[in-house]
Structures are given as structure tokens and as C-alpha cells.
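Since the structure comes first, as C-alpha cells, the remarks are kept for the end.
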Amino acid sequence: MAASVNRSARLLRSAFPALARRSFASDALVEVKPGEVGIVSGIPEEHLRRRVIIYSPARTATQQGSGKVGKWKINFVSTQKWENPLMGWTSTGDPYANVGDSALSFDSEEAAKAFAEKLGWAYMVKKRHTPLLKPKAYADNFKWKGPPKTETAD
Numbered sequence: 724m725a726a727s728v729n730r731s732a733r734l735l736r737s738a739f740p741a742l743a744r745r746s747f748a749s750d751a752l753v754e755v756k757p758g759e760v761g762i763v764s765g766i767p768e769e770h771l772r773r774r775v776i777i778y779s780p781a782r783t784a785t786q787q788g789s790g791k792v793g794k795w796k797i798n799f800v801s802t803q804k805w806e807n808p809l810m811g812w813t814s815t816g817d818p819y820a821n822v823g824d825s826a827l828s829f830d831s832e833e834a835a836k837a838f839a840e841k842l843g844w845a846y847m848v849k850k851r852h853t854p855l856l857k858p859k860a861y862a863d864n865f866k867w868k869g870p871p872k873t874e875t876a877d
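Structure (C-alpha cells):
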């Protein structure tokens, strides 16, 4: 990201010589400490000390391919839930309750950890469960398995 910002600044300077004399934010050397990004981002104080779970979701039962396998997600630990008396729906006062399901997806466990550390969130990593798969062939469904077993009447 920083490289693309620097590239954009150079392009602007070459296109507009008057801008060459101005300094850009990309010129400054800024050291970001873990958890500092959340402080300056405008996130309320009670949401900065969040606990999150980093996990790799399992394949659904209907999923055949390996397209989304290996992705990592972040979910927020939320305990502020209650049942809505009018409709019977589960309600929450937590604005981040459903964010992890759709938005926070990462290619690796390390990227998810780095993101959580950058925002100052305490995290717990659930290790991926990889099932043991036996190699099978479709033709095995039609193999000769011996004579049919007969039931004996007792």
C-alpha cells in the first residue's frame, strides 16, 4: 500500500511541477506501534479492547471444490445478546457482532494476527481441523463385493 502511495505521489509531481515543492504524507517516516491505529481511527474506547477469534472456517457440506479452503476469518466475541420479545429474534447491542462473517477475511493466519495486533485486539487462534480423506474412485461404487448376504429368520 505504501508503495502505491509513493508511486501516486511521484506521478503527481511529474505531471504538476508546482506540486514537486510540496511535501506529501507519504514522505514522512511514521512508526506505528501495535494498537495505535485503533486509537487514531475514531473507534470508541470500549471497542478498542475487543477480544476476537481467528479461525479457518470448515467447508460446508455442499461444497465440492477447494475455492475458499484455506481462508482465515476474524469473529468478535460478543456476549451482549438477548431474545427480542416481539419477534423472537436474537438481538444484540454490539455493532461488530456480524462483521466477521462477511467482511474480515484473510489469506493467511499471520495476516489475520497482524491485523488484530495493529488494531490492538486480544486474539485467540483456533487451529484448523483437517479431516483425513481416503482416496476413492467412482468406480468403487459398482465393484463386485461378493455374494449378497442373506438374512436368517430367527
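Take 724 as the starting number for the sequence shown in the working numbering and just add one per residue. Even glycine gets a Cβ: it sits at the ideal position worked out from N, Cα and C.
Q: Count the other CB atoms, across all protein chains shown, that sit within 10 Å of the CB of S779; report buried if there are 16 or more and exposed otherwise.
A: One-based indexing of the sequence shown puts residue 779 at position 56. With 16 or more Cβ atoms within 10 Å of its Cβ, S779 is classed as buried.
Q: Answer with buried or exposed for A860, where buried requires no fewer than 16 other C-beta atoms within 10 angstroms of its C-beta.
A: Along the sequence shown, one-based indexing puts residue 860 at 137. Exposed: under 16 other Cβ atoms inside 10 Å.
**Q.** Environment of A845 [buried if 16+ CB atoms lie within 10 Å]
**A.** For this step, residue 845 is matched to residue 122 along the sequence shown. Result: exposed.
Q.
Helix, strand or coil for E874? Go by DSSP, reduced to three states.
A. In the sequence shown, the residue the question calls residue 874 occupies position 151. Here E874 sits in coil by DSSP.
Q. Do you know how far the Cα of R782 is from the Cα of L742?
A. By one-based count along the sequence shown, residue 742 stands at place 19. By one-based count along the sequence shown, residue 782 stands at place 59. Low confidence applies to L742: its pLDDT is 48, below 50, so where it sits in the model is not reliable, and the reading given next is rough at best. Approximately 52 Å, taken between the alpha carbons.
**Q.** Where K868 falls: helix, strand or coil (DSSP)
**A.** Taking the sequence shown and counting its residues from 1, the one referred to as residue 868 is at position 145. Coil, per DSSP.
Q: Tell me whether V822 sits in a helix, a strand or coil according to DSSP, three-state version.
A: Mapped onto the sequence shown, residue 822 falls at position 99. DSSP, read as helix, strand or coil, puts V822 in helix.
Q.
Taking the straight line between their C-alpha atoms, what separation do you get for K849 and E832?
A. Locating residue 849 in the sequence shown gives position 126, counting from the first residue. Locating residue 832 in the sequence shown gives position 109, counting from the first residue. Near 10 Å, if we compare the C-alpha coordinates of E832 and K849.
Q: Using the Cα positions of K857 and A784, report the straight-line distance between them to the nearest angstrom.
A: Position 134 of the sequence shown, counting from 1, holds the residue named residue 857. Position 61 of the sequence shown, counting from 1, holds the residue named residue 784. Taking the straight line joining both Cα atoms gives about 17 Å.
**Q.** Contact check, S801 vs T813, beta carbons under 8 Å
**A.** Translated into positions along the sequence shown, residue 801 becomes position 78. Translated into positions along the sequence shown, residue 813 becomes position 90. No, Cβ-Cβ distance for S801 and T813 is not below 8 Å.
Q: Please confirm whether I776 and A835 have their CB atoms less than 8 Å apart.
A: Reading the sequence shown from its first residue, position 53 is the one you call residue 776. Reading the sequence shown from its first residue, position 112 is the one you call residue 835. Taking a C-beta distance under 8 Å as the contact criterion, I776 and A835 do not qualify as a contact pair.
Q | Spatial neighbours of A820 in its chain, beta-carbon cut-off 7 Å, leaving aside the 5 residues before and after | A | Your numbering for residue 820 matches position 97 in the sequence shown. Answer for A820: F799, S801, listed in chain order.
Q) Would you report the Cα separation of F838 and A826, rounded to the nearest angstrom? A) Position 115 of the sequence shown, counted from the first residue, corresponds to residue 838. Position 103 of the sequence shown, counted from the first residue, corresponds to residue 826. Distance between the alpha carbons of F838 and A826 is about 13 Å.
Q.
How far does the alpha helix (DSSP H) with K836 in it extend, from its first residue to its last?
A. Residue numbering aside, residue 836 sits at position 113 when the sequence shown is read from its first letter. It spans 832-842 - the alpha helix (DSSP H) in which K836 sits, taken as one unbroken run.
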